[in-house]
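Chemist: If you read the protein sequences in the order shown, they are chains A and B.
Quick note on numbering: the working numbering labels position 80 of the first sequence as 80, and the sequence is numbered without any gaps.
Whatever position you read off the second sequence (first residue = 1), add 161 for the working numbering.
Supplied in structure tokens, the structure appears directly below.
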Amino acid sequence: MKGNVIKYERDNIDTDVIIPGQYLKIHDYAELASHAMEGLDPAFHSKVKEGDFILSGKNFGCGSSREHAPIALAHSGIKAILALSFARIFYRNAVDGAFLLPIEIDEIAYKNISEGDEIDIDISSNQIKNITKNQSYQMKPFSEIIGKIIEAGGLFKYKPD
Amino acid sequence: MNIVEKILARASGRENVSPDDIIFADIDKVMVHDVSGPGVIKVFDKLKKQGVNVDKLWDPSKVWVAEDHFVPSADKISAENIVKLQNFTKNYGIKKHFKYGMGQYGICHTLSHEEALVLPGEVYVGGDSHTNTTGALGAFACGLGHTDIAYVLLNGKIWFKVPETLYFKLNGKLPDHVMAKDLILKIIGDIGTDGGAYRTMQFGGSGIDEMSVEGRLTLCNMTTEAGAKNGIVEPDQKIVNYLTTRGVTNIALVKGDPDAEYSEVFEYESSEMEPIVAKPFSPENTVIVREAPNVDLDKSYIGSCTGAKYEDLEAAAKILKGRKVKIRTEVLPAAISIYKRAMENGLLKIFLDAGATVGPPTCGACCGAHMGVLAKDEICISTTNRNFPGRMGHVESQTYLASPLVAAASAVTGKITDPRDLD
């Protein structure tokens with residue numbers, strides 16, 4: 001899975017900046033996408049392209065349980081979030097609803113990947129290749145159940161053993 | 162096993178569970194509101210198109226519905242969401258739907274305890290992050306997104322990773338000028354907004370024995386702000402009394418074993434606590450009130466599941482009695498039952514005499530949705546739970562999180578004020 005990186009070098013990107021509370025009444029995915037990241041980066045909507053990734057620090061998606069957050073990002077074209085860690089409900093929502101991949105990375109990847117870099121994520125080998133910089137990094141493997149839900153295409157398609 | 166492990170073992174049909182086990186837990190109660198409900202409806206529509214049978218819920222008697230975020234309807238879209246919710250509960254035979262303007266209604270988490278909708282030992286999931294609140298009654302109470310809630314509504318179960326438990330031992334009764342809100346802000350300031358991530362935060366010790374049920378609800382409510390999966394307190398006689406006065410009989414008290422294990426233990430001298438506020442823009446950005454910045458406040462907001470329970474209003478009224486507010490002050494009781502009690506006991510008159518406005522139950526301004534949102538550069542002191550950028554309105558507004566005592570004292574002076582420092 002190849003794409004370019006939009007980098008937010010900060011921790012605790014919360015659901016209130018990913019999709020502000022005033023939009024929670026909206027359930028039209030395209031309209032939600034038009035307000036994605038509005039609280040942090042009003043230019044996000046104009047710069048994001050289909051297939052892009054977001055790179056960020058610790059505790060990405062903290063705050064609310066609003067599924068509007070992964071929905072708004074996914075429908076903006078974001079295929080994966082790479083972060084040092086994730087808040088639990090955001091992580092669950094991203095996986096169970098099959099909206100986008102939450103990829104846990106280490107400090108090396110976080111420091112070395114820059115805004116605009118083209119990277120290639122291979123979840124079968126847990127490798128992230130930085131095509132722009134000719135580097136590669138390890139991602140944290142998904143836990144067994146998360147891997148299976150992702151493979152199935154979301155919680156509703158997953159059949160427990 | 163500790164209390165959470167015991168509850169999850171029972172719910173997953175196992176004799177034992179340990180942290181990191183993946184389980185499918187049977188769900189005892191589930192809640193949706195006017196934000197997560199329309200989300201669930203959208204998931205159901207999608208499933209229907211894929212040929213999945215969504216004609217029946219697994220058990221409508223275990224489901225309850227709240228109207229709280231955008232009520233009284235903020236605009237046309239919010240009104241339509243309420244209509245969708247009404248059709249949903251009618252079509253699926255859900256009897257417990259708390260409608261605004263029709264008797265008891267209020268913020269979902271407040272109803273969970275005011276109406277005794279959740280009992281000790283139960284597994285309760287809600288389509289809202291502050292579902293953690295209800296763990297104060299001794300339940301495993303956990304927030305989920307609307308896809309997960311849709312899954313629960315159809316299947317009656319959901320997967321969990323059994324969490325590690327952080328145990329917070331609280332020593333001694335809180336001083337009169339300190340509330341549970343100060344204590345939980347102090348804890349979040351110490352461990353950070355991801356300090357409880359993926360884990361249970363359990364509270365115990367003599368500080369809990371001495372604390373009211375509503376104080377415990379405040380503690381568990383804001384475990385969400387530490388990233389916790391759930392907050393919990395082992396149920397005791399106070400919980401039994403609380404539920405009995407609300408008509409519950411046959412209460413079974415689940416508790417942890419004497420040799421229960423915790424991944425970490427934290428100890429707090431609750432009897433020596435100071436009033437605390439969290440500065441913008443994070444609940445972990447805490448400071449003692451007497452050392453808080455000397456800012457000119459524009460508004461004091463006393464509302465939300467966190468800070469508008471009956472005791473919260475009582476605390477604010479104690480400060481506002483016979484005084485006048487210097488800044489815009491809004492008091493929104495978290496449920497009609499609380500509103501009514503506040504009226505009967507003269508609290509609403511105290512607020513109105515002080516110059517405050519009293520509004521209906523709503524999540525409204527707490528999440529920047531409607532009914533009292535902040536303008537650019539406005540500074541608010543608030544009894545709510547989050548103060549991220551734009552949380553209560555404009556992205557350049559600011560919120561200081563505080564206890565109802567501090568929010569009321571600050572309403573009187575227009576500055577962030579320790580209740581002990583009022584004339």
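Cβ atoms here follow ideal geometry from the backbone N, Cα and C, with glycine treated the same way.
Please read all numbers here as calculations on a predicted model, not as lab measurements.
Look up Cys527/B in the DSSP assignment and say whether it is helix, strand or coil.
Modeler: The residue you call residue 527/B lines up with position 366 of the second sequence. Three-state DSSP puts Cys527/B in a helix.
Chemist: Report the residue from Glu176/B, Lys470/B, Thr250/B, Lys210/B whose alpha carbon sits nearest the alpha carbon of Leu380/B.
Modeler: Residue numbering aside, residue 380/B sits at position 219 when the second sequence is read from its first letter. Of the listed residues, the one whose Cα sits closest to Leu380/B is Lys470/B.
Chemist: Could you tell me whether the region 297 to 309 of chain B touches the region 382 to 393 of chain B, using the rule of 3 or more Cβ pairs below 8 Å?
Modeler: yes
Chemist: For chain A, check one thing: does any of its Cβ atoms lie closer than 8 Å to the Cβ of Tyr561/B?
Modeler: The count along the second sequence starts at 1 and reaches residue 561/B at position 400. So, not an interface residue.
Chemist: Compare the C-beta of Lys256/B against all C-beta atoms of chain A and say whether one is closer than 8 Å.
Modeler: In the second sequence, counting from the first residue as 1, residue 256/B sits at position 95. Not an interface residue.
Chemist: Judging by CA-CA distance, which residue of Asp96/A, Tyr91/A, Ser136/A is the nearest neighbour of Lys111/A?
Modeler: Mapped onto the first sequence, residue 111/A falls at position 111. For Lys111/A, the nearest C-alpha among the options comes from Ser136/A.
Chemist: Considering Cys381/B, what are the terminal residues of the alpha helix (DSSP H) in which it resides?
Modeler: On the second sequence, residue 381/B is found 220 positions in, with the first residue counted as 1. 374 to 382 is the extent of the alpha helix (DSSP H) around Cys381/B.
Chemist: Using the Cα positions of Phe259/B and Asp355/B, report the straight-line distance between them to the nearest angstrom.
Modeler: To locate residue 259/B, count along the second sequence from 1; it is residue 98. To locate residue 355/B, count along the second sequence from 1; it is residue 194. Distance between the alpha carbons of Phe259/B and Asp355/B: 33 Å.
Chemist: Excluding five sequence neighbours on each side, which residues of the same chain lie with their C-beta closer than 7 Å to the C-beta of Glu38/A?
Modeler: Indexing the first sequence from 1 puts residue 38/A at position 38. Around Glu38/A: Pro20.
Chemist: At 9 Å on the CB atoms, spell out the chain A contacts of Ile183/B, in chain order.
Modeler: Residue 183/B sits at position 22 when you count from the first residue of the second sequence. Under the 9 Å cutoff, chain A gives Ser143, Glu144, Ile145.
Chemist: Residue ranges of each beta strand (DSSP E) run of no fewer than 3 residues wholly in the region 239 to 264 of chain B, ordered along the chain?
Modeler: Runs found: 257 to 259.
Chemist: Does the structure place the region 317 to 335 of chain B close enough to the region 352 to 370 of chain B that three or more beta carbon pairs sit under 8 Å?
Modeler: yes
Chemist: Using the Cβ count rule (16 or more neighbours within 10 Å means buried), how would you classify Leu169/B?
Modeler: Taking the first residue of the second sequence as position 1, residue 169/B is located at position 8. It counts as buried.
Chemist: Just the chain B side, please: which residues come within less than 8 Å of Arg92/A by C-beta, in chain order?
Modeler: As a first step, residue 92/A must be located in the first sequence, where it is residue number 92. Per Cβ cutoff of 8 Å: Leu305, Gly306, Asp309.
Chemist: Pick from Met340/B, Ser424/B, Ala478/B, Tyr403/B: whose alpha carbon is nearest that of Arg360/B?
Modeler: What you label residue 360/B is simply residue 199 of the second sequence in a count that begins at 1. Ranking the options by Cα distance to Arg360/B, first place goes to Ser424/B.
Chemist: For Val450/B, which residues in the same chain have their Cβ closer than 8 Å to its Cβ, ignoring the five residues on either side in sequence?
Modeler: For this step, residue 450/B is matched to residue 289 along the second sequence. Excluding sequence neighbours, Val450/B sits near Glu435, Pro436, Ile437, Val438, Ala563, Val567, Ile577, Thr578, Asp579.
Chemist: Can you check whether the C-beta of Ile105/A is within less than 8 Å of a C-beta belonging to chain B?
Modeler: For the purposes of this step, residue 105/A is identified with residue 105 of the first sequence, where counting begins at 1. Cβ-Cβ to chain B under 8 Å: no for Ile105/A.
Chemist: By the three-class DSSP mapping on this structure, what secondary structure does Asp122/A have?
Modeler: Position 122 of the first sequence holds residue 122/A. Note: Asp122/A maps to strand in three-state DSSP.
Chemist: I want to see whether chain A comes within less than 8 Å of Lys242/B, judged by CB atoms only; does it?
Modeler: Start at 1 with the first residue of the second sequence, and residue 242/B comes out as number 81. Note on identity: in this sequence residue 242/B is Asn, with Lys being the wrong assignment. With 8 Å as the cut-off, Asn242/B counts as an interface residue toward chain A.
Chemist: Taking the C-alpha atoms as reference points, what is the distance between Tyr585/B and Asn214/B?
Modeler: In the structure as shown, chain B begins at 162 and stops at 584. Residue 585/B is therefore absent and cannot be evaluated.
Chemist: Should Arg407/B be labelled buried (16 or more other beta-carbon atoms within 10 Å of its own) or exposed?
Modeler: Translated into positions along the second sequence, residue 407/B becomes position 246. Counting Cβ neighbours within 10 Å, Arg407/B comes out exposed, since fewer than 16 surround it.
Chemist: Assuming Arg377/B and Ala297/B make a contact with CB atoms under 8 Å, what is their CB distance in whole Å?
Modeler: Taking the first residue of the second sequence as 1, we reach residue 377/B at position 216. Taking the first residue of the second sequence as 1, we reach residue 297/B at position 136. About 4 Å; that satisfies the 8 Å criterion.
Chemist: Measure from the C-beta of Asp96/A to each C-beta in chain B and report whether the shortest distance is under 8 Å.
Modeler: Reading the first sequence from its first residue, position 96 is the one you call residue 96/A. Yes - at least one Cβ of chain B is within 8 Å of the one on Asp96/A.
Chemist: Would you mind working out which of Phe321/B, Ala503/B, Pro441/B, Gly575/B sits nearest Asp457/B, comparing C-alpha positions?
Modeler: Here residue 457/B corresponds to residue number 296 of the second sequence, with the count starting at 1. Closest option to Asp457/B, Cα to Cα, is Gly575/B.
Chemist: My parser needs the beta strand (DSSP E) runs of 3 or more residues fully inside the region 75 to 133 of chain A; what are they?
Modeler: 80 to 83, 101 to 104, 118 to 122, 127 to 130
Chemist: Taking contact to mean 3 or more Cβ pairs, one atom from each stretch, closer than 8 Å, check whether the region 184 to 204 of chain B and the region 340 to 350 of chain B are in contact.
Modeler: No contact exists between the region 184 to 204 of chain B and the region 340 to 350 of chain B.
Chemist: Got a sec, what are the start and stop residues for the beta strand (DSSP E) Tyr462/B sits in?
Modeler: Here residue 462/B refers to the residue found at position 301 of the second sequence. Residues 460 to 463.
Chemist: Drop a sphere of 10 angstroms on the beta-carbon of Asn391/B, count the other beta-carbons inside from all chains shown, and report buried for 16 or more, exposed for fewer.
Modeler: One-based indexing of the second sequence puts residue 391/B at position 230. Asn391/B should be labelled buried.
Chemist: What do you reckon, are the CB atoms on Asp96/A and Leu155/A nearer than 8 Å?
Modeler: The count along the first sequence starts at 1 and reaches residue 96/A at position 96. The count along the first sequence starts at 1 and reaches residue 155/A at position 155. Yes; because the gap between Cβ atoms is below 8 Å, this pair is in contact.
Chemist: Show which residues of chain A have a CB atom less than 9 Å away from the CB atom of Ile412/B.
Modeler: For the purposes of this step, residue 412/B is taken as residue 251 along the second sequence, with counting starting at 1. The contacting residues do not exist; Ile412/B stays about 28 Å from chain A at best.
Chemist: Give a yes or no on whether the C-beta atoms belonging to Cys528/B and Lys460/B are separated by under 8 Å.
Modeler: Along the second sequence, read from residue 1 onward, the residue named residue 528/B stands at position 367. Along the second sequence, read from residue 1 onward, the residue named residue 460/B stands at position 299. Going by C-beta atoms, Cys528/B is not nearer than 8 Å to Lys460/B.
Chemist: Which residues in chain A sit within 9 Å of Arg547/B, going by Cβ to Cβ distance?
Modeler: Here residue 547/B refers to the residue found at position 386 of the second sequence. Chain A residues near Arg547/B: Asp14, Asp16, Gly63, Ser64.
Chemist: Quick check on the DSSP output: what are the complete alpha helix (DSSP H) runs of length 4 or more inside the region 267 to 294 of chain B, in order along the chain?
Modeler: If one requires a minimum length of 4 residues, the alpha helix (DSSP H) runs lying completely within the region 267 to 294 of chain B are 269 to 275, in chain order.
Chemist: Out of Ala572/B, Val374/B, Val224/B, Ile202/B, point me to the one whose CA is closest to Glu241/B's CA.
Modeler: As a working note, residue 241/B is residue 80 in the second sequence. Of the residues Ala572/B, Val374/B, Val224/B, Ile202/B, the one whose Cα lies closest to the Cα of Glu241/B is Ile202/B.
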